[in-house]
Every structure is written in structure tokens, then in C-alpha cells.
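Beneath this line is the structure, given in C-alpha cells, with notes to follow.
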Amino acid sequence: MQMVLENLRDDAGLLGERRVFNVPKWRDADTRIVDAREWRAYPALYDADTLLTLRGGHLSEADREIALAGGVANLNASIAWQRMADPADAAALLRSAQDADMPRIRLLLSAMPDCDNTGFVDWFAAFARVPPPSVLAACKLYGRDATFNSNLEAVWRANWLPMVYTDDPERVVERAVAMGKPVVIRHATHPDAISRLRAIAGTAATDDALIVLACAPHYLLPMTASLRGTFNVRPPLLDDARCIALQGCFDDIDLIATDHVAEGATRGPGLQSQHRFLPALLSLAKRMNVPTERVLRKASRRPAALFGPDVNDWAVALVARVPVQPSMAEGNAFPGINPRHDPYVDIAFEDRVVAMVRGLTLWPTRHLLPAI
């Protein structure tokens, strides 16, 4: 099927002159003309930190729809390094990543703290010499893991990028600065700590900074107080005052990613929020009264520059704004999302991603399908 978009608002010219698109996997051969006057074009997002199941090496249809609804065109899928050490599992994962188009998937090694990582250093030394193209030259490490220090040194020796979650980020940044090595500090959620880390790094949040501070939207957006304590997540969610304080040092945060944990991906803590990634960021920009580009670039151009895809080969998210009604939050249930793990379960965002575009192909999201 072909879809023709009329009256679309594209202030940044993201689509150029393109208004006629092919819709994949659609049996109808007709051309549909859509009045898109209520739609807006935004840069599609790159979710740099997710944990998916990838059972059999494949992205499930539910996880694909979750990504599209969140405006995500590219994502990093964390996988335990032990899966890449298994030839059959690794082959399936690599095929899936290579074949994925919307969203595009890149595999991110992880030495997970609930796994036995004693063999990581030796395995990684051999693997990192010639990694497959679909595997990022980056690895997630956890400070509470007994092998953390040796694993961090191994990642740096290979000139890979460590993505670290630790209770002592200052020590890690001090080591990185002393060695002239890069590091991503995940879950930078405390303004005082962020200020100290910036002081140690001696650099601002720029596209070429070696010290990268990352945060998730659910630490920046206040949520219902009665729900806050019901979520199992590390670090714990912030109260409203601390959310607002964190917004105050927004410019010192380099990267925004969901840290989305798909249903069944782990028995440990984690939230499921990728299906509302772009709506949440648009809401954050409005709440902070700043240009949307200032917020969205931390989840689009910045991760693209950090992890290597061509920042000019980008996709577009088409967003419809709908009047918010008090009852809208009741319909927030989304296939593949457990409401007990959704930090926005009772929030009705006024923006909804209706379609994703790359090139001349348009993928409708679950929000658009009933209309076509």
C-alpha cells in the first residue's frame, strides 16, 4: 500500500519533499490519502540502553511495536556476553541485528552482575580484536560485580567504550581521566554528583567529551507519589523536588536513554517505558519550557555520534497531538508492557507517535492502525 500525507507540518524539513510512502507488509494495493494536518515531524530517537529478550535471537513483534510507539528507530540491545560466547546463539543474534530495519538493532555486550563473569577477560580479549559489525565497541559493566575492576581494564585495553553503573562513579571518572579513556556513567541522577563528575572531567557536555553522563526520562519527569515506591528499579525513583533539581542541571547530562527492560528479559529490577519515549521527552521539553531540539538531541544525534551510525542517515517520527481527557490514562495498557513496570501508567501524554519513516517507507504504529 502507498500512503500520501497531505498538510503535514514539518518545520525542520526532516522529510524534504517526501510525502508519498510505501507501507510494508500491507496486502492492500490501494493508495491511501491521509490528512496529516494534526501531525508533526520530529527526529526519530536512538535508545542507547535497553534490555530485550531476543529469544531465539529475534526481536518479538511486541517489542518492535513498543519501539515504534516510542519513536525509536535505532536501539542498543544489551546481551550477556555469555550469549555471544555460544556459537549458535551468537549466530542467531547477529542475523537478527543484521536483518532489522525498523527499528535498527545494534548488540551491546553486558557483564551482568547476576551472572558468573569470571571468564570475561580472556574471552573478551579475543572477541574484541575483530568484533562482528552488528556488535558495538561498547560494554555495560556493573560496579557491584566482583570482577568489575578487571573487566573495566579489559574494555579500556581493547579501546572499547565502557558503560558503567556504579555507586562510586567519581572513582571511575578519575581513573578514566588519568588514563585518557572514555566512559559512560549510567544513571546520573543526583545534581551534586553530576557537578562533581563534571569538575573531575574538566569538560562540559559536548559531542566529543570523553566522559558521558547518561540519564533516563523517568528520573527527569515527576510521577504520582503513591506509585513511586511500587517500582523495583535501581537507582530508586526521585521525588518531585529532586526531579526538578535534576532538570536544573539538564545541560550537564549528555545522553538520555530509557533503560527499558522488556518483559521476561530479567528477574531483576527494571522499568518498561520505551513505548512512551518520545512523548515523554516532548512533555519534558514543555515542562522545562525549552526548545524540543535541546531535549531530543540527547536521545538522537548524541547517541548516534557516540555509537557510530551515520548521523545524517536518520529516520523521522510522525506525532499526532490529541486533547488530553482525564480518562485517557485508563487506556494506557500496551501489548507487551506490564503496567506494574510502567512508570507512566497513570499519565496521559498529549503526543502519540503514529508512524515512523525511513527513506520512502512508512511504518504505522499501533496508534495509527485503527484509522487505516
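Residues 51 to 422 (the working numbering) are what the sequence shown spells out, left to right.
C-beta: ideal position from N, C-alpha, C; glycine also.
Values in this document were obtained by computation on a predicted structure and should not be read as measured data.
Got a sec? Which residues, its chain only, sit under 6 angstroms from residue i by beta carbon, not counting five neighbours each side?
{"i": "VAL171", "result": "SER200 and ALA204"}
{"i": "VAL345", "result": "LEU331, LEU334 and ALA335"}
{"i": "PHE399", "result": "PRO329 and SER333"}
{"i": "ILE116", "result": "GLN324, HIS325 and GLY386"}
{"i": "MET134", "result": "ALA140"}
{"i": "LEU260", "result": "PRO232"}
{"i": "HIS424", "result": "This structure leaves residue 424 out entirely; the chain is present only between 51 and 422."}
{"i": "LEU458", "result": "Residue 458 lies beyond the range of the chain shown here (51 to 422); nothing can be said about it."}
{"i": "LEU58", "result": "ALA86 and TRP89"}
When you compare only the Cα positions, how much space is there between residue i and residue j?
{"i": "ARG246", "j": "GLU220", "result": "8 angstroms"}
{"i": "ARG303", "j": "ALA86", "result": "Sequence check: residue 303 is Ile here, not Arg. About 34 angstroms."}
{"i": "PHE198", "j": "TYR192", "result": "6 angstroms"}
{"i": "ILE306", "j": "ILE155", "result": "17 angstroms"}
{"i": "VAL54", "j": "ARG82", "result": "6 angstroms"}
{"i": "PRO272", "j": "ALA367", "result": "25 angstroms"}
{"i": "GLY230", "j": "CYS299", "result": "25 angstroms"}
{"i": "ASP301", "j": "LEU143", "result": "36 angstroms"}
{"i": "GLY66", "j": "PRO181", "result": "36 angstroms"}
{"i": "LEU287", "j": "HIS240", "result": "11 angstroms"}
{"i": "PRO420", "j": "GLN148", "result": "31 angstroms"}
{"i": "THR411", "j": "TRP364", "result": "13 angstroms"}
{"i": "GLN132", "j": "ARG90", "result": "42 angstroms"}
{"i": "ARG352", "j": "ARG236", "result": "15 angstroms"}
{"i": "PHE327", "j": "TYR394", "result": "10 angstroms"}
{"i": "ALA150", "j": "ASP218", "result": "37 angstroms"}
{"i": "ALA62", "j": "GLU343", "result": "10 angstroms"}
{"i": "GLU56", "j": "ALA175", "result": "54 angstroms"}
{"i": "VAL311", "j": "VAL185", "result": "19 angstroms"}
{"i": "LEU109", "j": "ASN388", "result": "18 angstroms"}
{"i": "ASP80", "j": "MET51", "result": "5 angstroms"}
{"i": "ASP290", "j": "GLU313", "result": "27 angstroms"}
{"i": "TYR215", "j": "THR274", "result": "26 angstroms"}
{"i": "ARG105", "j": "GLU111", "result": "12 angstroms"}
{"i": "ILE222", "j": "ALA228", "result": "The amino acid occupying residue 222 in the given sequence is Val; Ile does not appear at that position. Spanning the two alpha carbons is a distance of roughly 10 angstroms."}
Using CA coordinates, which residue listed in the options is at the minimum distance from residue i?
{"i": "ALA251", "options": "ARG154, PRO183, LEU346 and VAL233", "result": "VAL233"}
{"i": "ALA188", "options": "ARG248, GLY169, ARG90 and VAL262", "result": "VAL262"}
{"i": "ARG408", "options": "ARG69, ALA226 and ASN57", "result": "ARG69"}
{"i": "THR415", "options": "LEU104, ASP61 and ASP113", "result": "ASP113"}
{"i": "VAL372", "options": "GLU88, GLU56, MET51 and CYS265", "result": "GLU88"}
{"i": "ALA238", "options": "MET213, ASP195 and ASP61", "result": "MET213"}
{"i": "LEU102", "options": "GLU56, LEU64 and SER160", "result": "SER160"}
{"i": "TYR269", "options": "CYS293, ARG284 and THR253", "result": "CYS293"}
{"i": "PHE24", "options": "ASP242, THR253 and PRO137", "result": "Nothing about residue 24 can be read from this structure; the chain reaches only from 51 to 422."}
{"i": "ARG284", "options": "ILE129, CYS265 and ASP242", "result": "CYS265"}
Should residue i go down as buried or exposed, given a rule of 16 or more other Cβ atoms within 10 Å for buried?
{"i": "ASP309", "result": "buried"}
{"i": "ASP99", "result": "buried"}
{"i": "LYS75", "result": "exposed"}
{"i": "ASN339", "result": "exposed"}
{"i": "PRO267", "result": "buried"}
{"i": "ASN126", "result": "buried"}
{"i": "PRO183", "result": "exposed"}
{"i": "ALA349", "result": "buried"}
{"i": "ALA383", "result": "exposed"}
{"i": "ARG248", "result": "buried"}
{"i": "ALA167", "result": "It is Asn, not Ala, that sits at residue 167 in the sequence shown. When all chains shown are included, ASN167 counts as buried."}
{"i": "GLY381", "result": "Bear in mind that a pLDDT of 48 at GLY381, under 50, signals an unreliable position, so the number given afterwards is only what the model happens to contain. Exposed, since its Cβ has fewer than 16 Cβ neighbours within 10 Å."}
{"i": "PRO341", "result": "exposed"}
{"i": "ASP195", "result": "buried"}
{"i": "SER377", "result": "Confidence at SER377 is low in this model, with a pLDDT of 45, below 50, so the placement of that residue should be treated as unreliable; the coordinate-derived value is given next. With fewer than 16 Cβ atoms within 10 Å of its Cβ, SER377 is classed as exposed."}
Keeping to the same chain, check which residues put their C-beta closer than 7 angstroms to that of residue i; ignore five residues upstream and five downstream.
{"i": "HIS417", "result": "ALA119, ARG402, VAL403 and VAL404"}
{"i": "GLU224", "result": "ILE250"}
{"i": "ALA379", "result": "With a pLDDT of 49 at ALA379, under the threshold of 50, the modelled position of this residue cannot be trusted, and the question is left open."}
{"i": "ASP60", "result": "ALA91"}
{"i": "GLN45", "result": "Given that the chain is displayed from residue 51 to residue 422, the structure contains no residue 45 and the question cannot be resolved."}
Give every residue of the same chain whose Cβ lies closer than 8 angstroms to the Cβ of residue i, excluding the five residues on either side of it in the sequence, and list them in chain order.
{"i": "TRP413", "result": "VAL73, PRO74, LEU118, MET152, ALA405, MET406 and VAL407"}
message: Under 8 angstroms: do the stretch 114–122 and the stretch 91–102 share three or more Cβ pairs, one atom per stretch?
response: yes
field: Meets three-Cβ-pair contact criterion under 8 angstroms: the stretch 206–214 and the stretch 265–282
entry: no
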